[in-house]
Amino acid sequence: MATYFLRRLLLLIPTFFGATILVFIILQLAPGGPLEQTIRQIQMGGMTQGEGGSAGAGDMTSGGGAGLPAEAMEELKRFYGFDKPIIQRYLIWLGVWPREHDSRNLEFGPGENEVEKNMGRGQWVTVKKTADGYVMYNDDGSINSDWLIRPLDPAEDGAARALVYKTKLSGILTGDLGTSYTYMQPVLDVMKPRFKISIFFGISGFLISYIVCIPLGIAKALRHGSPFDLFSSVIVFIAYSIPGWALGAVLLLLLGGGSFWDVFPLGGFRSENWEYLSLWGKVMDQLYHAVLPMIAWTIGSFATLTVLMKNSIIENMSQDYIRTAFSKGLTEKRVIWIHALRNSVIPIASYIGNVIGVLLAGSYLIELVFNIDGFGKLGYQAVLDRDYPIVMGFLVIAVLLRLIGNILSDIALATVDPRIRFK
Amino acid sequence: MREKLFEIKGLKTYFNIGGQTAKAVDGVDFDIYKGEILGVVGESGSGKSVSLLSLIQLIPNPPGEVTDGEITFNGENIFNGDELKRIKAVPQYRFFNKLDVSKRTGIAFLFMLAWFILHLMLPIPGFIPFLISMILMTGMTWYLFFNSPRKRHERTFREKMYTRMRQIRGSEIAMIFQEPMTSLNPVYTIGMQIVEAIKPKSFGEMVKDRIIDLAASFRNTRWVNKVRTSAIVAVLFMFFGQLGAGWSFQITQLISQAIWGAALPLVLGYLMVGLDKLISEDYHEEYVDLQRQGIKLLDQVGIPSPETRLKDYPHQFSGGMRQRVMIAMALAKKPSLLIADEPTTALDVTIQAQILELMKDIKDQREDAAIVLITHDLAVIAETCERVIVMYGGKIQEVAEVKELFDNPLHPYTKGLLGSIPRPELQKKARLEAIRGMVPNILNLPEGCKFCTRCDVKIDKCDTVDPDLVEVTPGHSVRCHLVIDEMVAEQKSPVSVDDQ
Amino acid sequence: MENTATVDQAATAQQQISLSVLKKRWLKFKSIKRGYYAFIILITAYIISFFLPLLINNRALVVKYEGDIWFPVFQGYIAGSTFGEDVPGEANYRELKEKFRSENGNWVIMPPYPYGPFEDVTTAGNKMYEEPSGVHWFGTDNTGRDVFSRLMYGFNISLSFAILFTIASYLIGVSIGAMMGYFGGKFDLITQRFIEIWATLPFLFVMIIISSIVRPNFFLLIVILTLFGWIGMTYYMRAEFYREKTKDYVAAAISMGQSHKKIIFKHILPNSLVPIITYFPFAVIGGIGSLVGLDFLGFGLPPPTPSWGQMVSVGLQNMVKWWMVLAPLGALFTTLLLIVFIGEAIREAFDPRVYSRLR
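Residue numbers (our numbering), protein chains in the order written: chain A, 1 to 423; chain B, 424 to 923; chain C, 924 to 1282.
Structure, rendered in structure tokens:
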């Protein structure tokens, strides 16, 4: 079994790279990326200030930042990382290719071979241009090797330009997801609070659906054809027919105080004055806000899980080993809960991983409906804003969760089914 | 005359298949005597398995049901069909008894919908009254359409019967099934399933057993292996720790990660040992005792190195070995009746003989134990049984001692069965006399004699009138018009064995 | 007498056996009333929805004006001035009808429900946020468009979309899954890896990314959704083909030297139809769900296409106007429920489960 898991673990690596490369390429090659968007914004800003917005739309569509000075373009490109080939960009993003940071422009006047530059914290350096490159000297005349220098395209007036920068290996493999363009914060810092919210809903939704569905499925299977079964089947059908977010919208409309009853709040994760509530108040407020989103969250897996459990129990109850168990004189309770159930949770166990993947994927719509500042909404907003570091970070986490989910499924499956354990 | 262990009268078991009734067993009377080996023979679909399964109520309900008959075990009545009939006379639903299930559900649904729409039309006072009204509606619908006065009586009757049956199953009647490959629960060890047959353990006790097992295996692991496991976990911890910390490679971090990793398996192991210490000494003794009994049972049915096999799972056993395990489980409580439902059909011929030998050995352990062997193989019957019941179409066609049956078969079906055994002493050129035709569909059995569609010697009466089972000589009964007519011709008055 | 009855019974039984398997299943499906009626209702509604312009439209069916007969529904845009109307742009046929009522010889025949899905407040007489009434059955939305009319057109679009999408993803999924199962080996291994990568991507998220880059139309959206939709079917088909491949009839076909193509399509595929048929309705449900979800997010069909998701998203911004949320969601729910009923009945007909319980 150890080799089986080792193989599964090793297979994760190519899957991870494959998935990230795919999305990376889609994002980087697609038109209308962050660069274009910023250029457009700057142009718009310039126009509205300078010419009172009289410029036609023709200018804007010409693209390529026609109205921007070349240096500003270059600066922007460097900021968004578009100054390097795509493979290099991917490697930098991964963290196996050094990432430039703390970069500063150097400009040599015409004929000048030496420039003094303040490198921050009162440190001044002198950069000399020699035949075979640039050398940096400290104040005391010693050679400074902390910084790297590479030449840039000369300015329009022919002056030589260079870039001073530091490098470090910093990317996904070193736990750095980059810096968000819109929030100007490390992506992880942006994600953390939102991730907590999604985890709250994800885990409690997961627990609720399992706690409800497994007993419900068993009860339905054992009372197949009874009024109880028919009645709950209606609910299951309805739950299957209506997407979670749509149900959320209906509930919000009916119970959120819009047109009908005012029972639950209209949205949000907590009240605004949450901080000032007593502990009991905090708990109640949280629950109060969570009821409707939670129903929307669980409804999808509710139908699937219940039906899966019911069918699974029904199938197992007609197996030969159940007859053997009864022929041993065991009580019905024991046969159901110890013999049939353990076999019936095998398909459920392989569903566990799915749930973890769905934890994120299914949440955009619900978070939008209920206006919850969760993980899904962050990703959605990032796509709208072309905030690629967050988009890629979101993707990485989604892919990782999916992969972890698969492994969890395998582990759960191996725990309940010895036939897999001894493969 | 030997003592009767079981007395079965007029047993009927019907199955409901897609709205039609399949009369799998349709009025069967027979006795099982203490200490005998009784053979039940017939083609598949003849009702031989079902009638014996009905005996201990191992009929899936739904779709099947033992509808009528009387079963007496050691003088105690354990199933009384008359009582069931009385209960069934009560109407099923409180109201609208003429509606069938689908119409009933439809109308109930419409009723609920109407109530709901009524709510939308009328001004709604508030959410809570609305909820209360919905709950009221649900209750009302249930009461009007689904409340069944009969159900409660039926449930108590069944509950009582099944409760008694579960006491009898295993301890008094044990069963071995045809399919050893699927008859064992694939997710539990052989040991657990055998011990369960001796003493079913609660969930808490199963957890305790697991702790005892784990603690024992930890104690028995050599230190080399423990260290190796620790090392592997430590490396894994270091790897994932560094992944999380962004490959800092700080020495202190690395060391702490390694220590945590290395400690984890050991801590878990000692935790198990500690928990093991908490379990009472009595329970330990009981555990060891049950294990020993299990090992003894496995040893008895001839499974090599039973101590280690006890911890194996069913899929690690071959078919023959699994059937042995089934037998071991059946023998756990030394039952007074062992029903073997085609125990050798799915097995190799060499294994078959061993299994049959094994079953005969059981008799050595308990003198008055009876065995019922259900099979379609007359050779097996000839070799093992003392008395034979021939079944066809859900009815007993012939009952006789083995020798009598083979020497003097009376029913055309029995003759046909005997004729279809290949006999090497006969000339090779002689064709086997197979019974022509196929077993009729169980939903579509003939009106008269069940065998009339395939019988070569049938007379007109056979199509419409089902003959009675009559005793020809003491201990030899047969159900055939020809035999009855012959007896009438010989001026003997045929005595019906059938009750009705 | 009884004898003939038995013979008759036997004959019908014989007949039942000789019916083709598919026919038998169709009969079984018909016997499950809930699913069968749902099927009838849905199919009828779907067929009718193709003739919606004749039923729900703001363009008149027939106009008789000064001796000439016009068919605006088929002819399309006709300027108001043609009919002597003093309106800019297209004629307003409802007003025309009122006007012609008093005139002799001129008349207008309007569709039964004379409001189109696209006409907004710019048309005279249309108001924003009108409550449901006899005129506007489900009220009007934030731009004065008739909700009922949009709903009905949205039904056709959603269902057509989902069916086309399902067929497209089935074509790809079934053939790739079949090949994986049939050929096995390296092809299977590589495709499996690829599918694993593909399936790991969060589907809706990547859809959003793609849709935000290229503004999709109806068919492009089907293509994009199909890119992800085909995967589900491959698992089933692969498993089916693996199982069927080992059976004797395939070995017989191979031993007779038949081509791979023939074995796959003529021998194995008809035997692995059950998952294809039973999952079809549920795949359609998934298709409708995805479309409505994307529309809701604003990445679906371009406006002003009448789409349920976009209607919900507008409605949610106006929570007080309940009809704008409840109407499209009600339509979505009803449609999906009907399909669930059909799907359940099909599953029951093709893959019946016997409920048996020991005690």
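By construction, the Cβ of each residue, glycine as well, lies at the ideal position given by its N, Cα and C atoms.
query                                                                                                                                                                                            : result
Interface residues of chain A around Arg1282/C at Cβ under 7 Å?                                                                                                                                  : Glu332
Rounded to whole angstroms, what is the Cα-Cα separation between Trp646/B and Val236/A?                                                                                                          : 54 Å
Using alpha carbons as the reference points, say which of Gly1077/C, Ser1004/C and Leu1255/C lies closest to Ala246/A.                                                                           : Leu1255/C
Out of curiosity, what's the CA-to-CA distance linking Ile551/B and Trp949/C?                                                                                                                    : 46 Å
Specify the secondary structure class of Ser103/A as computed by DSSP and reduced to three states.                                                                                               : strand
Distance check for Ile599/B and Met584/B, CA to CA, integer angstroms please.                                                                                                                    : 22 Å
With a threshold of 6 Å on Cβ separation, who are the neighbours of Leu188/A within its own chain once the five nearest residues in sequence on each side are excluded?                          : Leu177
Nearest-angstrom Cα distance between Tyr240/A and Ala221/A?                                                                                                                                      : 18 Å
Since Leu428/B and Leu754/B should fall inside the 8 Å C-beta cutoff, what is the C-beta to C-beta distance between them, to a whole number of angstroms?                                        : Not quite, the Cβ-Cβ distance comes to about 17 Å (not below 8 Å), so this is no contact.
Look up Arg1270/C in the DSSP assignment and say whether it is helix, strand or coil.                                                                                                            : helix
Could you tell me whether the Cβ atoms of Val396/A and Ala382/A are closer together than 7 Å?                                                                                                    : no
Is the beta carbon of Thr767/B sitting closer than 7 Å to the one on Gln777/B?                                                                                                                   : no
Exposed or buried, which one is Met1130/C when buried takes at least 16 other CB atoms within 10 Å?                                                                                              : buried
Name the chain A residues that come within less than 8 Å of Ile1265/C, Cβ to Cβ?                                                                                                                 : Going along chain A, no residue has its Cβ under 8 Å from Ile1265/C, so there is no contact; the nearest lies around 11 Å.
Identify the continuous alpha helix (DSSP H) that holds Lys310/A and give its terminal residues.                                                                                                 : Leu279 to Met317
Using beta-carbon positions only, say whether Gly817/B and Gly470/B come within less than 7 Å of one another.                                                                                    : yes
Which residues of the region 305-335 of chain A have a Cβ closer than 9 Å to any Cβ of chain B? Give them in chain order.                                                                        : Met317, Ser318, Gln319, Asp320, Tyr321, Ile322, Arg323, Thr324, Ala325, Phe326, Ser327, Lys328, Gly329, Leu330, Thr331, Glu332 and Arg334
According to DSSP, which residues form a beta bridge with Ala1002/C?                                                                                                                             : Glu1013/C
Run down chain A in chain order and give the residues with a C-beta less than 7 Å from the C-beta of Gly549/B.                                                                                   : Trp261
Mind checking who Ala686/B pairs with in its DSSP beta bridge?                                                                                                                                   : Looking at the DSSP assignment, Ala686/B forms no beta bridge with any residue, so it has no partner.
Output needed for Ile214/A: all residues of its chain with C-beta closer than 8 Å, excluding positions within five of it in sequence on either side, in chain order.                             : Leu305, Met309, Val345 and Ile348
Assess contact between the region 373-382 of chain A and the region 165-175 of chain A, defined as three or more Cβ pairs (one per stretch) separated by less than 8 Å. Is contact present?      : no
Should the region 502-517 of chain B be called in touch with the region 458-470 of chain B, which here means at least 3 C-beta pairs below 8 Å?                                                  : no
Who pairs with Asp764/B in a beta bridge, going by DSSP?                                                                                                                                         : Ile797/B
Would a check of beta-carbon distances place Phe1128/C closer than 7 Å to chain A?                                                                                                               : yes
Using a Cβ-Cβ cutoff of less than 8 Å, which residues in the same chain neighbour Phe370/A once the five nearest sequence positions on both sides are dropped?                                   : Gly248, Leu252, Gly267, Gly268, Leu292, Pro293 and Ala296
Roughly how many angstroms lie between the CA atoms of Thr1149/C and Ser1213/C, to the nearest whole one?                                                                                        : 11 Å
Please go through the same chain and pick out, in chain order, the residues whose beta-carbon is closer than 6 Å to the beta-carbon of Pro1011/C, but skip the five residues on each side of it. : none
Determine, using beta carbons only, whether Met695/B and Phe641/B come nearer to each other than 7 Å.                                                                                            : yes
Can you list the residues of chain B that Arg342/A reaches, using a CB-CB cut of under 9 Å?                                                                                                      : Asn608, Val610 and Tyr611
Measuring CA to CA, which of Phe1041/C, Tyr1076/C and Pro1035/C is closest to Val1058/C?                                                                                                         : Pro1035/C
Excluding the five sequence neighbours on either side, which residues of its own chain have a C-beta within less than 6 Å of the C-beta of Trp261/A, listed in chain order?                      : Leu255
If you draw a straight line from the C-alpha of Leu330/A to the C-alpha of Pro486/B, how long is it?                                                                                             : 21 Å
Residues of chain C with a CB under 8 Å from the CB of Tyr585/B: which are they?                                                                                                                 : Arg1282
Is the beta carbon of Glu602/B sitting closer than 7 Å to the one on Ala447/B?                                                                                                                   : no
Any Cβ of chain B within less than 7 Å of the Cβ of Ser954/C?                                                                                                                                    : no
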